[in-house]
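Residue numbers (full-length UniProt numbering): 1 to 228.
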């Protein structure tokens, strides 16, 4: 009698090896398996630190979005909200690694987190600083530790998310520069401005004080760029 057994191993996918044992024929198909245990590792601590940091950043950005909206900067408010949603997904990615092995357990960490909430100009700088720390310092270090401890998938996640945080920092700094230089609604060249309330498109070097179509204030205008 011949028995066929499929065994999954964490090696290169796609190849099949066979071997003989008594009257049984064993087929070993390569594929993915569970990640090695995170228990007691620095990587587990780093994942929890990153989860906590991303979760707090998300919450701060929702506060910053509210402040920007109250100050009349609807575009900046929307970008804070968009970035908050990005951070939620980053947090989820890190948390899922922990759930694979540590469901229901406690992970003790020691870390410092910022206390910052002011006007929109200050909030943009605070946000940029936090993003810089993540992509330039924390996540590269966390990735290296994950590699050393044998967690390549975790290392890749840290490095790829760091790329996103680098973009976030650049955007926050550009928005801050626009505020400082008074170029949020005034450019040195003719551009298209879109009212994000009704969709009206205005062409000029500055956004209108009021939207001619829906009469919403200037704060609802942003530079229009097609994304298709």
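Glycine included, C-beta positions come from ideal geometry on N, C-alpha and C.
Could you give the DSSP three-state label for residue 191: helix, strand or coil? Taking the chain shown and counting its residues from 1, one reaches residue 191 at position 191. DSSP places residue 191 within a strand segment (E or B) once states are collapsed to three.
To which residues does DSSP link residue 221 through a beta bridge? Here residue 221 is taken as the residue at index 221 of the chain shown, counted from 1. Answer is 195.
For residue 76, report the span of its beta strand (DSSP E) as first-last. Taking the first residue of the chain shown as 1, we reach residue 76 at position 76. Per DSSP, residue 76 belongs to no beta strand (DSSP E); it is in the alpha helix (DSSP H), 74-102.
Mind checking residue 215: buried by the 16 CB within 10 Å criterion, or exposed? Translated into positions along the chain shown, residue 215 becomes position 215. Under this definition residue 215 is an exposed residue.
With C-beta atoms as the reference, is residue 127 less than 8 Å away from residue 73? Counting from 1 along the chain shown, the entry for residue 127 is found at position 127. Counting from 1 along the chain shown, the entry for residue 73 is found at position 73. No. Outside cutoff.
Could you give the DSSP three-state label for residue 141: helix, strand or coil? Taking the first residue of the chain shown as 1, we reach residue 141 at position 141. Assignment of residue 141 by DSSP, reduced to helix, strand and coil, places it in the helix class.
List the whole-angstrom C-beta distance separating residue 89 from residue 131, where the pair is believed to meet the contact cut-off of C-beta under 8 Å. Against the chain shown, residue 89 aligns to sequence position 89. Against the chain shown, residue 131 aligns to sequence position 131. Contact flag wrong, Cβ pair sits at about 15 Å.
Alpha carbon to alpha carbon, how far is residue 115 from residue 68? Give it in angstroms, no decimals. Residue numbering aside, residue 68 sits at position 68 when the chain shown is read from its first letter. Residue numbering aside, residue 115 sits at position 115 when the chain shown is read from its first letter. The alpha-carbon atoms of residue 68 and residue 115 are separated by roughly 18 Å.
The beta strand (DSSP E) enclosing residue 202, as first and last residue numbers: What you label residue 202 is simply residue 202 of the chain shown in a count that begins at 1. Unbroken beta strand (DSSP E) run through residue 202: 201-206.
Nearest-angstrom Cβ-Cβ length linking residue 86 and residue 164, presumed shorter than 8 Å: Along the chain shown, read from residue 1 onward, the residue named residue 86 stands at position 86. Along the chain shown, read from residue 1 onward, the residue named residue 164 stands at position 164. About 6 Å separates the two Cβ atoms, so the contact holds.
Taking only the alpha-carbon atoms, compute the straight-line gap between residue 22 and residue 166 and give it to the nearest angstrom. Start at 1 with the first residue of the chain shown, and residue 22 comes out as number 22. Start at 1 with the first residue of the chain shown, and residue 166 comes out as number 166. Summary for residue 22: the model assigns pLDDT 39, below 50, so the residue's position carries little reliability; its value from the coordinates is reported in the next sentence. Approximately 58 Å, taken between the alpha carbons.
Of the residues 178, 185, 160, the one placed nearest residue 206, counting alpha carbons only: Taking the first residue of the chain shown as 1, we reach residue 206 at position 206. Of 178, 185, 160, the residue nearest in Cα terms is 185.
Are the CB atoms of residue 211 and residue 197 nearer to each other than 8 Å? Here residue 211 refers to the residue found at position 211 of the chain shown. Here residue 197 refers to the residue found at position 197 of the chain shown. The answer is yes: Cβ separation under 8 Å.
Taking residue 154 as part of the alpha helix (DSSP H), name the residues at either end of that continuous run. Your numbering for residue 154 matches position 154 in the chain shown. Where residue 154 is concerned, the enclosing alpha helix (DSSP H) stretches over 152-180.
Can you name the start and end residues of the alpha helix (DSSP H) that residue 67 belongs to? Translated into positions along the chain shown, residue 67 becomes position 67. Counting along the chain, the alpha helix (DSSP H) containing residue 67 begins and ends at 42-70.
Tell me, please, which residues DSSP counts as bridged to residue 186. Here residue 186 is taken as the residue at index 186 of the chain shown, counted from 1. Answer is 206, bridged to residue 186.
Among residues of its own chain, excluding the 5 on either side of residue 227, which ones have a beta-carbon nearer than 8 Å to its beta-carbon? For the purposes of this step, residue 227 is identified with residue 227 of the chain shown, where counting begins at 1. Within the same chain, residue 227 has no close Cβ partners at all.
Looking at the secondary structure, which residues open and close the alpha helix (DSSP H) in which residue 120 lies? Start at 1 with the first residue of the chain shown, and residue 120 comes out as number 120. Per DSSP, residue 120 belongs to the alpha helix (DSSP H) from 120-133.
Assuming contact is defined by CB atoms lying nearer than 8 Å, are residue 91 and residue 61 in contact in what I supplied? Indexing the chain shown from 1 puts residue 91 at position 91. Indexing the chain shown from 1 puts residue 61 at position 61. No, the Cβ-Cβ distance between residue 91 and residue 61 is not below 8 Å.
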